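There are 2 protein chains.
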Amino acid sequence: MRLHSADLKNISIRDGFWSKHVDLVRSAIIPYQWEAMNDRIPDAESSHCLENFRIAAGRTKGEFYGAVFQDTDVAKWLEAVGFSLACYPDAELEKTADEVIDLIAEAQCDDGYINTYFTIKEPKKRWTDLCEGHELYTAGHLMEAAVAYYQGTGKRKFLDCMCRFADLICDTFGTEEGKIHGYPGHEEVEIGLIKLADATGNRKYLEQAKYFVDARGVGENYFMKEMSRPDYKMIFPEFADYTPAYSQSHLPVREQTTAEGHAVRAVYLYCAMADIAGAYQDEALLRACETLWNNIVEKRMYLTGGIGSSGILERFTVDYDLPNEYNYSESCASIGLALFGLRMNQIMRDGKYMDVVERALYNTVLAGIALDGKSFFYVNPLEVWPPACMEGTSKRHVKPVRQKWFGVACCPPNIARTLASLGQYIYGVDEENRALYVNLFISNESTIELGEAQAAVRLTTTYPEEASFTLEIKSLPEEGMDVFLRVPDFAENYSVTVAGTEQPAQPENGYVRVHADAPCTILVSFAMPAKFVYANPQVRADSGKVAIVRGPLVYCLEEADNGENLPAVYVDTAAGLEEKKSPLFGGIVTVTARGKRIAPQSWKGGLYGTEKPELTDCTLTAIPYPYWSNRGQGEMLVWIKELNH
Amino acid sequence: MRLHSADLKNISIRDGFWSKHVDLVRSAIIPYQWEAMNDRIPDAESSHCLENFRIAAGRTKGEFYGAVFQDTDVAKWLEAVGFSLACYPDAELEKTADEVIDLIAEAQCDDGYINTYFTIKEPKKRWTDLCEGHELYTAGHLMEAAVAYYQGTGKRKFLDCMCRFADLICDTFGTEEGKIHGYPGHEEVEIGLIKLADATGNRKYLEQAKYFVDARGVGENYFMKEMSRPDYKMIFPEFADYTPAYSQSHLPVREQTTAEGHAVRAVYLYCAMADIAGAYQDEALLRACETLWNNIVEKRMYLTGGIGSSGILERFTVDYDLPNEYNYSESCASIGLALFGLRMNQIMRDGKYMDVVERALYNTVLAGIALDGKSFFYVNPLEVWPPACMEGTSKRHVKPVRQKWFGVACCPPNIARTLASLGQYIYGVDEENRALYVNLFISNESTIELGEAQAAVRLTTTYPEEASFTLEIKSLPEEGMDVFLRVPDFAENYSVTVAGTEQPAQPENGYVRVHADAPCTILVSFAMPAKFVYANPQVRADSGKVAIVRGPLVYCLEEADNGENLPAVYVDTAAGLEEKKSPLFGGIVTVTARGKRIAPQSWKGGLYGTEKPELTDCTLTAIPYPYWSNRGQGEMLVWIKELNH
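One line per chain: the protein sequences are A and B, in this order.
When we follow numbering that gives the first Met the number 0, the leftmost residue of the first sequence carries the number 0, and every step to the right adds one.
When we follow numbering that gives the first Met the number 0, the leftmost residue of the second sequence carries the number 0, and every step to the right adds one.
Pasting the structure below:
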């Protein structure tokens, strides 16, 4: 049996590191995004997404505006609201959300169809452009939102709406004659259908998701057929040289061995593949998931958990191609990677998946949002030189400061729903065997359903400042319970003390197992000193360089601490690293190192010369990557040249 | 008075280094491009450019195909033919060219207008889209071709055609009421008009060129006005966020201080600015030219003479932004830079301009064409890792091997016309003062017009293999003549011997002056050992790295000589460089160095790790940059990590 996450309703996070971000969801992000969706943020990109629903519902007249998937901003906002209400009831917010749901229901067509772009602009073209039309993608996000809202509030209206839409999709797509034998150009509906099946118990939706997974990339490519229609009109000009790999439809999914194409599409597909593999005990599909996972984490992932290294088309490229200053590494792609890793962990019960999930959440996902919750990164570079991030150039996609909103605003609400559902990553639960897997070290107080019985637990920690946590088991099933404590790949000297007695800590599959028969306190501590990390020498962008990590956090140099021209800096790895507590950003550990830098005054002028520039001593101060660009615009660098190579 | 180039008719190049490339123009490139223009090259991009003229002339029926400036391929081919016929009469080729000229004349409208795109597709939209329509750009190339063909053959038909077109342009554009107050979106017509003025003696064309130069960027931006017209239709989707700087129309030209926007447009404008500054003794314009030149060569130019570092939109970015593996550095832009430098040299009589011209011609321009003359680079990177140069990604524009042809095929015929007119760069002539400037060290035998008299000279050299040349003055004016011998910026121990007597060699403005009263032989020798070059530390892409140069040639490492993963290589600058003669590529000097490389077997696997990879000793072999990618596909690298930094 697969592990599942603990119910968000039953997890209360109060954490020194995360709460300052998670609490922003209800205090700042949900209200801010509500303003953004209503186009009330000055100088921000227009959204119009609620207005589209009003037009589709016939409440107002007007033109559709935005991307074909503009509806998903509303969906992800509602999903975040659903997650938030699960933990923090808020009558006013719930009323606002109910009104949005009323609006969505009004915009739903008689046959169950929901999509404001096609309803307003192209009512006769439904399902004719699966490649670019994003109807199924949008449907999937609405389904996820409906499930979250149902689970958060107990209200069924949105869920029922989405079941009607899902029924229409089941009647429309499939292998049977008369149905469309297609599949989505941007995966996501699979995840929505699977969640809908879980929430409603209706297996039909799971089977429909399986159809979409199984059909992809089999036989003649569906999208190429669509595009060869004489009346086909390209929606996205950048798809002019479309190749099936871009949507992972180049091969049947069980035959895919490398992560290809658009990174978000890819990881959303892999999530669905993992879910289906787990639900159907489909070994071939599970092996494909493992192979694809390994390809990503062993060859195509940034140290920060970023994926999709091409600055054009937000996509994977080739093994080891991980440039630092013109990459994409979309925030949404790292969210998808975390969702994929969570599923793999739940199926395989291996802590190694959570090592990557943790890396992605603590670095790329968290970097995606400002400390005040009001601006966002879509693109997550590992090296930034602001003047070169010019519009209309190779680095046009790289923004040195977070943006208030985006024309294509997938990332801000995706980060919001991720923070709002952070609790799902903390524990894995095996009800049948009364086992609790402790995955992320985030302070919380929770009730865990373990079959007929329950456990009440409290986790207390200052992680990642300090590498220790206490798990207090306040009550537990009569038969006792197993606790599996994750041992991160970077942990040293892992020590476990149960009820005052130190236990042997021999990890298996990334966990140390402890049995509890009675209420007790488990103390876990380990070391995670700041370290220098090298990249595989095949990563040409990083050769001769080192990065600094401490526990789950990747560190970076900022101009604010280290002056300008960071690529002219060398770090002396032989001189070691020093950790210091700092009050910056609500309290962090900074890391200092000794190094040298090319002395600008030693250069005799001109663009090229034969005289070697001199080096001068310097001290380098690194801060955690997620907090970069919170002190105004400046240079940033993760991979630092190593001295004495 | 401005210097001028010697007449191509009177220069006969027979050079160990250049002839193998220059001779390709008539033996391979002109015939090959003729086939390409007739769409007879298998597996190459379609051209259709002659067919467009046939359709416009009414000879056949069909649709226009290609870019709006497709006509310029024919123009540049004819210009190369004109240059070639000047030196190498060829009746068959001339007959073919005459037929093309007949076709162009037939495609000319009654009022003189020539442009197959507008004539076939948009006859009512003439001159309505100066920003993107490229009518004036195309006109300029046709004018240049007509002048070259007239000078090469003495035939006036094409010249007369183009005078009629130029007359129409003079009647259409200008400050007077009723005329269009616009200027070209892509500069080039200015150069064409100036050459037409020179060839015909009709100053009206010069004045028209001056109008275009003077009008640019003054007052409300002409292109933004065009684009704001309700019926304006974008031709190039990538211009959606057009900014005036892209076409150097953001400021009046005399106020421009940095090289901005599309690199080819920019340098073609600067050529015209220099010509006008020289013709009108316009000091303010000349100062602007100097300022723009300095901005390029001191802050925005690759060591190879490449310019326009953005992989998107072929454009300049900001000072010191010179990435090596995803830059553009279009071949045409370096050709334009050479043309600009030539003009500045002729006006300022300073050898420093020819240092840059030589660097661009010997490296980027020559790299643009394969040793067999049948494939071409449009983009000229300084670092290539072939697997990462994928379609649909950030490095989509970088090609690891030369291409047979291009949809937008500006570069191949531009390289052809440059090689065919290489003679124009060798000498600068001051007829009034009977002075000859020796700029490029290329073996040739020439007759130089010096006012009423002539000089007959022969230059003999094995440069750039050896750093010496002999200039034999076989005859000269009765009054004697001055010879100015260029002292390249890299030359050491420059020595000049006239008629067996060593002369003091004190260069002034980059030249050593020698007076000759009678036929004599001048021997020049200097040293140009292979050297390591550093970039200004502000060039973040090159910090901690060195390049190898020897004389005018930049060197590079290729996978063929050095194995794969070149960024994992370090060069030991303390160990020096060794030069070796090699039979490769018809005879070159290779340069070897000692270094170390990250040993792949020392890496314990995985993507990231804390163990430092080991270095092993290695020997590095560098070849001249222009010859890279002539031995199949492989990695290439110019800037090498320096050891012991």
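Glycine included, each C-beta is placed from N, C-alpha and C at the ideal position.
These figures come from a predicted structure and were not determined experimentally.
Cβ neighbours of residue i in the same chain (closer than 7 Å, five flanking residues each side left out)
| i | result |
| --- | --- |
| Ala90/B | none |
| Pro518/A | Ile472, Lys473, Ser474 and Leu475 |
| Thr620/A | Asp560, Asn561, Thr589 and Thr591 |
Straight-line Cα distance separating residue j from residue i
| i | j | result |
| --- | --- | --- |
| Ile119/B | Lys156/A | 60 Å |
| Arg512/A | Gln345/A | 16 Å |
| Cys86/A | Gly191/A | 22 Å |
| Thr152/A | Leu84/A | 7 Å |
| Leu312/B | Phe235/B | 11 Å |
| Asn648/B | Leu418/B | Nothing about residue 648/B can be reported from this structure: the residues present for chain B run from 0 to 644 only. |
| Lys351/B | Asp488/B | 7 Å |
| Glu451/B | Val428/B | 13 Å |
| Leu636/B | Cys388/B | 14 Å |
| Phe483/B | Ala239/A | 55 Å |
| Glu558/B | Leu565/B | 7 Å |
| Leu49/A | Ala138/A | 16 Å |
| His396/A | Arg539/B | 19 Å |
Under the three-state DSSP convention, the category residue i falls into
| i | result |
| --- | --- |
| Gln632/B | coil |
| His47/B | coil |
| Phe235/A | coil |
| Met353/B | helix |
| Gly608/B | strand |
| Asp166/A | helix |
| Asn114/A | coil |
| Leu370/B | coil |
| Gly509/B | coil |
| Asn344/B | helix |
| Asn492/A | strand |
| Asp641/A | Sequence inspection shows Glu at residue 641/A; the Asp mentioned does not correspond to that position. Three-state DSSP puts Glu641/A in a strand. |
| Tyr554/B | strand |
Residue range of the alpha helix (DSSP H) that includes residue i
| i | result |
| --- | --- |
| Val21/A | Ser18 to Leu23 |
| Glu289/A | Glu282 to Lys298 |
| Arg202/A | Arg202 to Ala214 |
| Gln150/B | Glu134 to Thr152 |
| Glu34/B | Ile29 to Met36 |
| Glu558/A | Glu558 to Asn561 |
Chain-ordered neighbours of residue i on chain E, where CB pairs are closer than 7 Å
| i | result |
| --- | --- |
| Arg395/A | The structure shown contains no chain E; its protein chains are A and B. |
Cβ-based neighbour list, residue i, same chain, cut-off 8 Å, excluding 5 preceding and 5 following
| i | result |
| --- | --- |
| Arg358/A | Leu302, Thr303, Gly304, Pro551 and Val553 |
| Ala598/B | Pro612, Glu613, Leu614 and Thr615 |
| Leu92/A | Arg25, Ile29, Val80, Ser83 and Leu84 |
Segment limits, beta strand (DSSP E) that includes residue i
| i | result |
| --- | --- |
| Asn443/B | Asn443 to Leu449 |
| Gln453/A | Ala452 to Thr460 |
| Val437/A | Ala434 to Val437 |
| Phe468/B | Ser467 to Ser474 |
Residues of its chain near residue i, where Cβ-Cβ distance is below 6 Å and the 5 sequence neighbours each way are ignored
| i | result |
| --- | --- |
| Ala408/A | Asp72 |
| Ser542/B | Pro536 |
| Tyr116/B | Phe63 and Val67 |
| Tyr493/B | Val486, Ala504 and Phe525 |
| Asp318/B | Lys298 |
*What are the residues of the stretch 357-385 of chain B that lie near chain A, defined by any Cβ-Cβ distance shorter than 9 Å?*
Glu382 and Trp384
*Taking Cβ-Cβ distances below 9 Å as the criterion, which residues of the stretch 527-540 of chain B are in contact with chain A?*
Lys530, Phe531, Val532, Tyr533, Ala534, Asn535, Pro536, Gln537, Val538, Arg539 and Ala540
*Can you give me, in chain order, the residues of the stretch 604-627 of chain A that have a beta carbon less than 9 Å from any beta carbon in chain B?*
Gly604, Gly605, Leu606, Tyr607, Gly608, Thr609, Glu610, Lys611, Pro612 and Leu614
_Where the stretch 579-604 of chain A meets chain B: residues whose CB sits under 7 Å from a CB there_ = Ile597, Pro599 and Trp602
*asked:* To be precise: take each residue of the stretch 317-328 of chain B, compare its Cβ to all Cβ atoms of chain A, and keep it if any distance is under 9 Å. Which residues remain?
replied: Val317, Asp318, Tyr319, Asp320, Leu321, Pro322, Glu324, Tyr325, Asn326 and Tyr327
*Going along the chain, which residues of the stretch 297-309 of chain B sit with their C-beta nearer than 7 Å to a C-beta in chain A?*
Glu297, Lys298, Met300, Leu302 and Ser309
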